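Residue numbers (my numbering), protein chains in the order written: chain A, 47 to 358; chain B, 47 to 358; chain C, 47 to 358; chain D, 47 to 358.
Where is the CB? At the ideal position from N, CA and C, for every residue including glycine.
In this text, all values refer to a predicted model and were calculated from it rather than measured experimentally.
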């Protein structure tokens, strides 16, 4: 007989459940909160024209170390190198390549279909909607045609006066509040929030195993309500797990994933490199920007790579 | 003995050559023209907040039909389907997938390293900088950290009163001028231009073979100077070949690629789906927008998939 | 309500069912019939030392044309070309490559887990033993450590005086009997039978679409009993479908697969190129040989590529 | 200026060079030595009918640990799981999968084109015959249609009274002689020799890093002449590197590869699991057998997976 989920989780899940909010056939969850006004607000945040990519590397030194079965780092290989199409290198020559990769290997958004529990996904869609033939036949990443809004950086590490959050540090609503205060802005419905732990710095320091395995700083379940109350459209972090690991209770694994993706319908992003952006924000004191982070719309994808760009 | 390139091409190439314009070590070509002002101009083009993805499908029905060796359409396959990590489906379950694809199979930007002739690429970089081990060790797509600017749609088809340009129609500077006039804007340095032939409609009509093979409408070599004179940062089309096919002279294959990528350093995009955007522009008469189209930065990539988004 | 299977099929299936014959935990089916004596008989068939590969091409011109979703032809790409490991091409240089392919794209054996009906596979194993995480967790191709025995070619085409069987020709027990007579041998338990239609010749003639799609010559359901009565260990054909297509009754798809793989536990091979071997056998009148055709043992594979070799 | 190769190596290479032995256009090297008589001798070695696969695992626990760039372990993923082709699971259902892998990731033969030095490969073929478009356009693994002969196990470890050779132990001609004496046979032209260090046991003990990296036992350059003098057709080992590592002289990397593949044209196999076979041979005192080890003939492959089978 399976172990029951702990009462606290069941109750929290019930209190957060947003099923039906955007209709029975909804595929987008909180991304519906990105309305035209939110996008205009994002565009209005562009004051200077500076833009920063938040993408980590896409190659064999991407974050994966084999701990998640099958989620391989991008392997790019050559199919043509300066091929002389007319047989003469003095004329047109072309080079071409292919890639094989886990869709969630590097910087990515999770599809809402990425996780399930009790046989259901977001909005009560049966978990069986994920199939070998079609992948996410519901709630797939290709449903997210665009993901553009105002972005807000919540630099938890700097707000706590730390270079980087300690492994296993669970981010609390208090941490979020402090970072908002530091950001000197008010979160608005449809905003996309980027939560910085400082962990991406580990990748830059080539401490990939430390970045990807073992204890991780990250969000706690109390933050789910915090984001939900503020009608945040999507949240991304600079970690591999998004949420704190180990979690708060051994009886439920990755509870933040379950609450965000299944109950709230909140799209999550991982492996966002927030180091340069955070330095920029610390420098000018402005923590808001236009965020353009539309995923590659792989049909049926359970997630997808993205090159997120913040424009200030 | 190899056939010499035709004189007209050699002279045109020499007249367009921009090598050294951004220094000996430049990796970006005309993308250098996207300065902060261009980005601010892009952001200022956002009036309403509407956004449109210009991505074609990323799956086995992407444009490739086998005519370009090795450039396979995205094949997404499953590595996990609702895997119960704790052994109990009542608790956390996750689904995960991988993809294998040609980097230029669907909507993409070419890297400047994509083509060469006479042993050189943009800025005189030796073609040998493309290697099996590292791909584009110079001029790779990962050098393009962001690609965000004001976008301008030049709807050649509508400007000519056609639903879709005829196969083999070569777009002329006159066509471009007419489309600019229709767009009622002035092109400015750092703008990204999207050139519509209407061909993406073939994909929607499931005429993939017609879209991908045989005669193609597209840009002619005279347009290279036109874009160069206007300091356009990048150009993308809704075709598989970018330029007209067959070309103007059998003695030189894909001359527009050679002039743009090798001589001018102009980044080219292909397989952009411009149908919805064009209908929108025709509707409100506004052909300018913020274009955010930063490629996935595969290290050493000869090209990369992108989900381009136009925001009006 | 699902359409019931036709009575004739249900009765035939029941009459052929061999479940439990090799125990409840069996993973090999009729491959158990290859005992040491069968292998000695195979070795004894080597008179001259001539050997022939029965492999079709493993590259982008392998049989697949896209009609079976996801079963892509082998794409081999480069990761290193004469890489000078010490930085000096005068010293050690190495070239290396990878491949992506459908396991059943070219010459292959099906795993017993490849098909199911009514929720079960061979020996009553639940179809749910095939998972996204592990593939064929039961009845996978890796269970077949070796596949070596006496081989017998049944050249149906030559026995019927035809260069190649007509598309849609259903091979009957009478056809098999005639080919055995031509082979002038007696089938024995544990033999592996190769059934020639002549279709591999289409691949040599570059008629891949004709080879892979549309009407196909092949085995009929009556042959299942014929092989079963003779305790044949495995059967392979020079076709993509193994069995005649379209089948005998629209109400049941690929009935030979279901009878062989699910009921009898008979391992099937496809895309064996029997042209050279058949010419050899026609030449010397000897249709028996050592057959060594052990698949690459991919863990959990639903099938696997093989380079089958006949030694006479 | 590149460092010159050491004199001893240059002299040894010259003394071993077999270029032209089988004509200017030869693609097979010493595999030409497998004549019909050798194959008959192999078949005659089958006394009992026992067969053993020498394949290591083909999955994510194959030998690679990332130390050889791009040579990834096999990743098998699902494209179909019990897909009901007629829409009804009571009727025909099929499961299908694909694989991505380094061709040399697990048990494999090197193609003669795998290595070069000084710009040449076996028989003086220019190294430039390996291309991004075609792979090994000369000396590719697909030229090896069959690889079947008498096999002889030289159990160096047991001959030295060791469970497993020490890391860094260089096998000498004396070691080979002792193992031949233990095998109580005479090597004959066209034989295929399997050299056991015992290292495959590390894989069984899940010591993959130890198996794949650091010091390795293996063959020394003096053994190249030893095999050459005896006209051995091919040699395989139960190690990742084939030869001892580090080698005898820092000035030349992997000298055995260069001598075998480039100078002698001797096909090399790696990652053969010889543990069961060696136990069998130790048990009955018989070290000869039929070896059938024909690689999957990937067109242009620099190597290929194989499921080698020894039949006694």
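Shown here for residue 282 of chain D: same chain residues with a beta carbon closer than 6 Å to its own, the five before and five after excluded, namely 240, 315, 318 in chain order.
8 Å or more divides the Cβ of residue 310 of chain D from the Cβ of residue 269 of chain D. Beyond the five residues adjoining it in sequence on each side, residue 157 of chain C comes within less than 7 Å, by CB distance, of 182, 185, 186, 187, 347, 348, 349 in the same chain, given in chain order. For secondary structure counted as the alpha helix (DSSP H) over 4 or more consecutive residues, the segment 138-186 of chain A holds no complete run. Using a Cβ-Cβ cut-off of 8 Å, residue 187 of chain B does not count as an interface residue toward chain C, since no Cβ of chain C sits closer than that to its own. The Cβ-Cβ distance between residue 109 of chain A and residue 152 of chain A falls below 8 Å. If you ignore the 5 residues before and after residue 261 of chain B, its C-beta comes within less than 8 Å of the C-beta of 213, 214, 291, 292, all in its own chain and listed in chain order.
A straight line joining the alpha-carbon of residue 272 of chain A with that of residue 259 of chain C spans about 57 Å. Residue pairing by DSSP places residue 265 of chain D opposite D:217, D:289 in a beta bridge. Three or more Cβ pairs closer than 8 Å define a contact, and the segment 76-90 of chain B falls short of that threshold against the segment 117-130 of chain B. Taking the Cα positions, residue 84 of chain D is about 23 Å away from residue 326 of chain D.
Of the residues B:196, B:338, B:132, B:147, the one whose Cα lies closest to the Cα of residue 233 of chain B is B:196. For residue 249 of chain B and residue 236 of chain A, the gap between their C-alpha atoms comes out near 33 Å. Residue range 53-62 is occupied by the alpha helix (DSSP H) that includes residue 59 of chain D. Residue A:96 holds the alpha-carbon nearest to the alpha-carbon of residue 80 of chain B among A:71, A:96, A:73, A:79. By DSSP's assignment, residue 338 of chain A forms a beta bridge with A:194, A:355. Here residue 356 of chain C is actually not in contact with residue 201 of chain C; their C-beta atoms are around 13 Å apart, not less than 8 Å. Straight-line measurement puts the Cα of residue 267 of chain A at about 21 Å from the Cα of residue 210 of chain A.
The beta carbon of residue 345 of chain B falls within 8 Å of a beta carbon belonging to chain A, placing the residue at that interface. The Cβ atoms of residue 246 of chain B and residue 321 of chain B lie closer than 8 Å to each other.
Proximity to residue 64 of chain D across D:230, D:274, D:227 peaks at D:274, based on C-alpha coordinates.
A residue is called buried once 16 or more other Cβ atoms fall within 10 Å of its Cβ, and residue 57 of chain D, having fewer, is exposed.
When the five nearest sequence neighbours on each side are left out, the beta carbons in the same chain lying within less than 7 Å of the beta carbon of residue 307 of chain B are those of 156, 158, 160, 161, 168, 314, in order along the chain.
Using beta-carbon distances, residue 104 of chain B counts as an interface residue toward chain A, with a partner under 8 Å.
Nearest to residue 255 of chain A by C-alpha distance, out of A:286, A:226, A:302, A:230, is A:286.
If you check the CB distance, residue 205 of chain C and residue 189 of chain C do not come in under 8 Å.
The beta-carbon separation of residue 353 of chain B and residue 99 of chain B, rounded to 6 Å, stays under the 8 Å limit for a contact. Interface with chain C (8 Å Cβ-Cβ cutoff): residue 123 of chain A is included.
Scanning D:331, D:334, D:243 for the CA closest to the CA of residue 289 of chain D turns up D:243.
In this model, residue 328 of chain A and residue 102 of chain B are separated by some 38 Å (Cα to Cα). Straight through space, the alpha carbons of residue 137 of chain B and residue 164 of chain A are spaced by roughly 7 Å. If the five residues before and after residue 68 of chain B are omitted, its C-beta is found closer than 6 Å to the C-beta atoms of 78, all from its own chain and listed in chain order.
For the segment 174-186 of chain C, the set of positions with a beta-carbon nearer than 8 Å to some beta-carbon of chain A reads 178, 179 in chain order. Against chain B, a Cβ distance below 9 Å from residue 127 of chain C picks out 177, 178, 179.
Listed along the chain, the chain D residues whose CB falls inside 8 Å of the CB of residue 115 of chain A are 106.
Here residue 149 of chain D is near residue 145 of chain C, since their CB atoms are less than 8 Å apart.
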